[in-house]
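Asks: Here you go, one structure.
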Amino acid sequence: MKNKIFIALLLVAGWLLIPVASFSQLNDQIELPVLGDSASATFSLGREHKLGRTWLRMFRNQAETVSDPLLQDYVEHLVYDLATFSELKDRRLDIVVVNNRSINAFAVPGGVIGVHNGLILQAETEAQFASVVAHELAHLSQRHFARGVEAQQRSTIPNLAGLLAGIILAATAGGESGMAAIAATQAATMQNQLRYSRLHETEADRGGMQTMVKADMDPTAAASMFEIMQRTARYAGSRPPEFLLSHPVTESRISDARSRSRQYPRKMYADNLDYQLMRARVELSFIENSKDAVKRFRAKTLTNSNSPDADQYGLALALTANGQFDEAQQLLTLLRNPSPNKICYITAQSELDIAQGNNSGAISLLNDALSIGPGNHPLTMAMVEALLAANQPHRAEQLLQEHVKRKPNDPSVWYLLAETHGLAGNIIGVHKARAEYFLLIGVLDIASRQLSYALPLVRNDHLETIRIQERIAQINRMKVEMANL
Numbered sequence: 001m002k003n004k005i006f007i008a009l010l011l012v013a014g015w016l017l018i019p020v021a022s023f024s025q026l027n028d029q030i031e032l033p034v035l036g037d038s039a040s041a042t043f044s045l046g047r048e049h050k051l052g053r054t055w056l057r058m059f060r061n062q063a064e065t066v067s068d069p070l071l072q073d074y075v076e077h078l079v080y081d082l083a084t085f086s087e088l089k090d091r092r093l094d095i096v097v098v099n100n101r102s103i104n105a106f107a108v109p110g111g112v113i114g115v116h117n118g119l120i121l122q123a124e125t126e127a128q129f130a131s132v133v134a135h136e137l138a139h140l141s142q143r144h145f146a147r148g149v150e151a152q153q154r155s156t157i158p159n160l161a162g163l164l165a166g167i168i169l170a171a172t173a174g175g176e177s178g179m180a181a182i183a184a185t186q187a188a189t190m191q192n193q194l195r196y197s198r199l200h201e202t203e204a205d206r207g208g209m210q211t212m213v214k215a216d217m218d219p220t221a222a223a224s225m226f227e228i229m230q231r232t233a234r235y236a237g238s239r240p241p242e243f244l245l246s247h248p249v250t251e252s253r254i255s256d257a258r259s260r261s262r263q264y265p266r267k268m269y270a271d272n273l274d275y276q277l278m279r280a281r282v283e284l285s286f287i288e289n290s291k292d293a294v295k296r297f298r299a300k301t302l303t304n305s306n307s308p309d310a311d312q313y314g315l316a317l318a319l320t321a322n323g324q325f326d327e328a329q330q331l332l333t334l335l336r337n338p339s340p341n342k343i344c345y346i347t348a349q350s351e352l353d354i355a356q357g358n359n360s361g362a363i364s365l366l367n368d369a370l371s372i373g374p375g376n377h378p379l380t381m382a383m384v385e386a387l388l389a390a391n392q393p394h395r396a397e398q399l400l401q402e403h404v405k406r407k408p409n410d411p412s413v414w415y416l417l418a419e420t421h422g423l424a425g426n427i428i429g430v431h432k433a434r435a436e437y438f439l440l441i442g443v444l445d446i447a448s449r450q451l452s453y454a455l456p457l458v459r460n461d462h463l464e465t466i467r468i469q470e471r472i473a474q475i476n477r478m479k480v481e482m483a484n485l
């Protein structure tokens with residue numbers, strides 16, 4: 001039973017991957033439920049949280065995630081902001097950005113929100129992107145996983161094992177093999193799950209739009225995002241976006257979203273430049289050759305763009321990567337003059353300074369920025385890179401040791417800390433940081449092994465020996481818990 005429930009948790013990452021014929025018949029019947037004790041009794045918030053963290057470790061081990069501090073920081077802030085306007089009670093959230101071109105997002109019970117960076121590229125406005133995130137938050141706030149387990153306990157646990165492979169394949173490859181695994185399992189699970197999938201998707205649509213309105217974001221963006229997905233599906237042929245497998249879009253669903261949005265007062269909404277800057281970063285990340293990137297973004301700057309600043313920003317980054325420093329500096333000067341404190345522009349300038357060997361200039365720039373925003377994640381990571389470029393690993397080490405206290409669940413911070421420890425000659429620190437990194441990506445055996453390497457090096461430090469031994473014991477307990485899920 002426990003193993004089946006954990007597999008069910010992985011299933012709900014895709015939120016019941018079953019096609020839905022029509023949402024309009026249910027739309028007028030469904031009000032967002034007031035959750036009582038039955039779902040919590042079946043599956044407590046505490047247990048959901050623990051399972052979610054275990055799932056995230058497994059997921060990171062198999063899917064390529066994005067370590068871009070600016071993109072991670074932007075997505076985290078958007079999710080947290082939306083969560084404050086949602087009905088979500090447990091707001092212990094972990095956000096993961098997956099490096100995958102496909103349109104996809106997921107919510108895993110226990111507060112894990114994931115988005116593919118391909119979704120950011122396809123969503124034309126921040127409100128469209130936010131509509132998908134708000135929808136996923138609504139799945140969490142309505143306890144759909146716990147309610148699904150409760151329903152399964154009243155009937156028969158469906159065959160969910162095949163869906164596990166499909167979900168992982170969708171996140172890692174997004175190809176036909178993932179969809180084949182999902183489709184093969186759908187036939188076996190459809191009859192038991194269809195009703196709940198319809199209910200949950202309709203509840204999430206409604207709850208997500210309510211969150212959007214409370215957050216003062218355009219509620220019409222949900223319908224326009226559905227239309228983008230629908231167009232993408234038409235052009236995709238036999239390979240529609242993975243998101244559509246778990247969130248089927250029909251004309252009636254688009255109509256329902258548009259009708260609900262009309263219930264709210266109409267007003268003008270301005271798009272967020274920061275979102276467009278993130279889209280430029282994502283687009284740039286998908287272009288392997290810096291010369292091609294320069295060509296792409298130069299062409300964009302010559303068109304009548306809705307976001308010329310973002311196009312110029314993308315071009316400046318591409319020019320820096322391609323060694324065309326003078327032109328990159330001209331663009332960044334134009335961008336920074338009216339917005340000297342915009343973090344994206346500051347980090348772009350620091351990257352340009354480092355590329356030109358002006359490490360002291362980058363450090364000075366970032367130091368000033370951190371005096372205004374101490375602890376800022378992108379600025380701190382950029383400062384570490386500048387300090388390492390300037391051959392100052394001990395300063396970088398000190399900075400990261402403080403920063404990792406603020407970002408203890410970010411594998412990229414632990415990875416960089418391990419590298420920095422190595423450059424600073426702190427071998428004990430290398431093993432300890434590597435242990436935390438491997439722990440977060442679900443490789444528990446290597447995590448405990450790294451700590452065992454550190455033990456002989458601290459044999460004269462009794463307190464540190466006890467701390468390391470206790471951490472090894474904690475990891476061993478995690479192994480047992482994972483085996484019993």
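Quick note on numbering: UniProt numbering labels position 335 of the sequence shown as 335, and the sequence is numbered without any gaps. Cβ atoms here follow ideal geometry from the backbone N, Cα and C, with glycine treated the same way.
Using the C-alpha atoms, what's the distance from A362 back to L440?
Replies: If you number the sequence shown from 1, residue 440 lands on position 440. If you number the sequence shown from 1, residue 362 lands on position 362. Going by the C-alpha atoms only, they are around 31 Å apart.
Asks: Report whether the distance from the Cβ of R101 to the nearest heavy atom of the ligand HEM is below 6 Å.
Replies: Although the ligand HEM was asked about, the structure shown includes no ligands whatsoever.
Asks: What is the residue span of the alpha helix (DSSP H) that F325 lies within?
Replies: The sequence position of residue 325 within the sequence shown is 325, counting from 1. Here the alpha helix (DSSP H) through F325 covers F325 to R336.
Asks: Using DSSP with H/G/I as helix, E/B as strand and the rest coil, what is V480?
Replies: Translated into positions along the sequence shown, residue 480 becomes position 480. Three-state result, V480: helix.
Asks: Taking its Cβ as the centre, do 16 or more other Cβ atoms sit within 10 Å of I120, making it buried, or is it exposed?
Replies: The count along the sequence shown starts at 1 and reaches residue 120 at position 120. Label assigned to I120: buried.
Asks: Enumerated in chain order, which unbroken segments of the alpha helix (DSSP H) with a length of 4 residues or greater are wholly contained in the stretch 37-83?
Replies: As far as the stretch 37-83 is concerned, its whole alpha helix (DSSP H) runs of at least 4 residues are 37-42 and 45-62.
Asks: Please state whether the Cβ-Cβ distance between I103 and Q128 is less than 7 Å.
Replies: In the sequence shown, the residue the question calls residue 103 occupies position 103. In the sequence shown, the residue the question calls residue 128 occupies position 128. Not a contact, by the Cβ cut-off of 7 Å.
Asks: In angstroms with no decimal places, state the Cα-to-Cα distance between residue 487 and F226.
Replies: A question about residue 487 goes unanswered here, because the residues of the chain that appear run from 1 up to 485.
Asks: For K50, which residues in the same chain have their Cβ closer than 8 Å to its Cβ, ignoring the five residues on either side in sequence?
Replies: Taking the first residue of the sequence shown as position 1, residue 50 is located at position 50. Excluding residues within five positions, the ones whose Cβ falls inside 8 Å are G110 and E481.
Asks: Take the Cβ of M268 as the centre, count every other Cβ of all protein chains shown within 10 Å, and call the residue buried at 16 or more, exposed below.
Replies: For the purposes of this step, residue 268 is taken as the residue at position 268 of the sequence shown. Answer is exposed; the Cβ neighbour count stays below 16.
Asks: I need the DSSP call for A107, collapsed to helix, strand or coil.
Replies: Counting from 1 along the sequence shown, the entry for residue 107 is found at position 107. Correct three-state label for A107: strand.
Asks: Excluding five sequence neighbours on each side, which residues of the same chain lie with their C-beta closer than 7 Å to the C-beta of M478?
Replies: Taking the sequence shown and counting its residues from 1, one reaches residue 478 at position 478. Closer than 7 Å at the Cβ level, and outside the excluded window around M478, lie L444.
Asks: Taking 7 Å as the cut-off, decide whether the C-beta atoms of D203 and Q263 are in contact.
Replies: Walking along the sequence shown from the start, residue 203 turns up at place 203. Walking along the sequence shown from the start, residue 263 turns up at place 263. Reading off the sequence shown, one finds Glu at residue 203, where the question assumed Asp. No, Cβ-Cβ distance for E203 and Q263 is not below 7 Å.
Asks: Identify the continuous alpha helix (DSSP H) that holds G361 and give its terminal residues.
Replies: Taking the sequence shown and counting its residues from 1, one reaches residue 361 at position 361. G361 -> alpha helix (DSSP H) spans N359 to I372.
Asks: So, with DSSP's three-state summary, where would you put R443?
Replies: Taking the first residue of the sequence shown as 1, we reach residue 443 at position 443. The amino acid at residue 443 is misidentified as Arg; the sequence shows Val. Residue state, collapsed to three classes: coil.
Asks: Would you tell me roughly how many angstroms separate the C-alpha atoms of P408 and Y415, rounded to the nearest one?
Replies: Your numbering for residue 408 matches position 408 in the sequence shown. Your numbering for residue 415 matches position 415 in the sequence shown. Distance between the alpha carbons of P408 and Y415: 11 Å.
Asks: Going by Cα to Cα distance, which pick from D311, P338 and N289 is closest to A328?
Replies: In the sequence shown, counting from the first residue as 1, residue 328 sits at position 328. The shortest C-alpha separation from A328 is found at D311.
Asks: Would you mind reading off the limits of the beta strand (DSSP E) that contains I287?
Replies: The count along the sequence shown starts at 1 and reaches residue 287 at position 287. Counting along the chain, I287 falls outside any beta strand (DSSP E), and DSSP gives it neither H nor E.
Asks: Give me the Cα-Cα distance between residue 487 and I427, rounded to the nearest whole angstrom.
Replies: The shown model of the chain, from 1 to 485, leaves out residue 487, and the question about it has no answer.
Asks: Take N27 and list the residues in its own chain whose beta-carbon comes closer than 7 Å to its own, dropping the five residues that flank it on each side.
Replies: For this step, residue 27 is matched to residue 27 along the sequence shown. At N27, the pLDDT of 42 sits below 50, so the modelled position is not reliable; the number obtained from the coordinates is stated separately. Closer than 7 Å at Cβ, skipping near neighbours: T202 and D256.
Asks: In angstroms with no decimal places, state the Cα-to-Cα distance between A270 and D218.
Replies: Here the question's residue 270 lines up with position 270 in the sequence shown. Here the question's residue 218 lines up with position 218 in the sequence shown. The straight-line gap from Cα to Cα measures roughly 9 Å.
Asks: Beta-carbon separation of T420 and P393 under 7 Å?
Replies: In the sequence shown, the residue the question calls residue 420 occupies position 420. In the sequence shown, the residue the question calls residue 393 occupies position 393. Yes, they are a contact pair.
Asks: Are A105 and H139 touching if we call contact CB-CB under 7 Å?
Replies: The sequence position of residue 105 within the sequence shown is 105, counting from 1. The sequence position of residue 139 within the sequence shown is 139, counting from 1. No; because the gap between Cβ atoms is not below 7 Å, this pair is not in contact.
Asks: When the Cα atoms are used, what is the spatial distance from N359 to L387?
Replies: The residue labelled residue 359 in the question sits at position 359 within the sequence shown. The residue labelled residue 387 in the question sits at position 387 within the sequence shown. If you take the alpha carbons of N359 and L387, they lie about 8 Å apart.
Asks: Measuring alpha carbon to alpha carbon, tell me which residue in G375, G373, A321 and P374 is nearest Q349.
Replies: The sequence position of residue 349 within the sequence shown is 349, counting from 1. The option with the nearest alpha carbon to Q349 is A321.
Asks: Look at the Cβ atom of N272, then the Cβ atom of E126, and state whether they are nearer than 7 Å.
Replies: Counting from 1 along the sequence shown, the entry for residue 272 is found at position 272. Counting from 1 along the sequence shown, the entry for residue 126 is found at position 126. Contact: yes.
Asks: Going by CA-CA distance only, name the one from A355, P378, G118 and M383 that's closest to L366.
Replies: As a position in the sequence shown, residue 366 is number 366, starting the count at 1. Selected option, being the one with the closest Cα: M383.
Asks: Does the beta-carbon distance from V98 to A63 come in below 7 Å?
Replies: Here residue 98 corresponds to residue number 98 of the sequence shown, with the count starting at 1. Here residue 63 corresponds to residue number 63 of the sequence shown, with the count starting at 1. Against a cut-off of 7 Å, the Cβ pair of A63 and V98 comes out as a contact.
Asks: Would you mind working out which of P340, D309, L332 and E385 sits nearest G357, comparing C-alpha positions?
Replies: Locating residue 357 in the sequence shown gives position 357, where the first residue counts as 1. When only C-alpha atoms are compared, the closest one is E385.
Asks: I343 and P308 look like a contact to me (Cβ under 8 Å); what is the Cβ gap, rounded to whole Å?
Replies: As a working note, residue 343 is residue 343 in the sequence shown. As a working note, residue 308 is residue 308 in the sequence shown. Actually they do not touch by this definition, with Cβ atoms about 19 Å apart.
Asks: Report the rounded CA-to-CA distance for M58 versus T84, giving the unit in angstroms.
Replies: Translated into positions along the sequence shown, residue 58 becomes position 58. Translated into positions along the sequence shown, residue 84 becomes position 84. Using only the alpha carbons, I get a separation of about 28 Å.
Asks: In whole angstroms, give me the CA-to-CA distance for A483 and I95.
Replies: Residue 483 sits at position 483 when you count from the first residue of the sequence shown. Residue 95 sits at position 95 when you count from the first residue of the sequence shown. Roughly 25 Å between the two C-alpha positions.
Asks: For L399, I'd like the list of residues in its chain whose CB is within less than 8 Å of its CB, leaving aside the five on either flank, ordered along the chain.
Replies: Taking the first residue of the sequence shown as position 1, residue 399 is located at position 399. Result list for L399: T380, M383, V384 and L387, in chain order.
Asks: Rounding to the nearest angstrom, what Cα-Cα distance links L319 and L277 in this structure?
Replies: Taking the first residue of the sequence shown as 1, we reach residue 319 at position 319. Taking the first residue of the sequence shown as 1, we reach residue 277 at position 277. Their backbone Cα atoms lie some 16 Å apart in a straight line.
Asks: Along the chain, where does the beta strand (DSSP E) containing G375 start, and where does it finish?
Replies: The residue labelled residue 375 in the question sits at position 375 within the sequence shown. It is not in any beta strand (DSSP E) - G375 carries neither H nor E in the DSSP assignment.
Asks: I believe A280 touches G314 by the beta-carbon criterion, under 8 Å. Please report the beta-carbon distance rounded to the nearest angstrom.
Replies: Numbered from 1 along the sequence shown, position 280 holds the residue referred to as residue 280. Numbered from 1 along the sequence shown, position 314 holds the residue referred to as residue 314. The pair is a contact, with the Cβ atoms about 4 Å apart (cut-off 8 Å).
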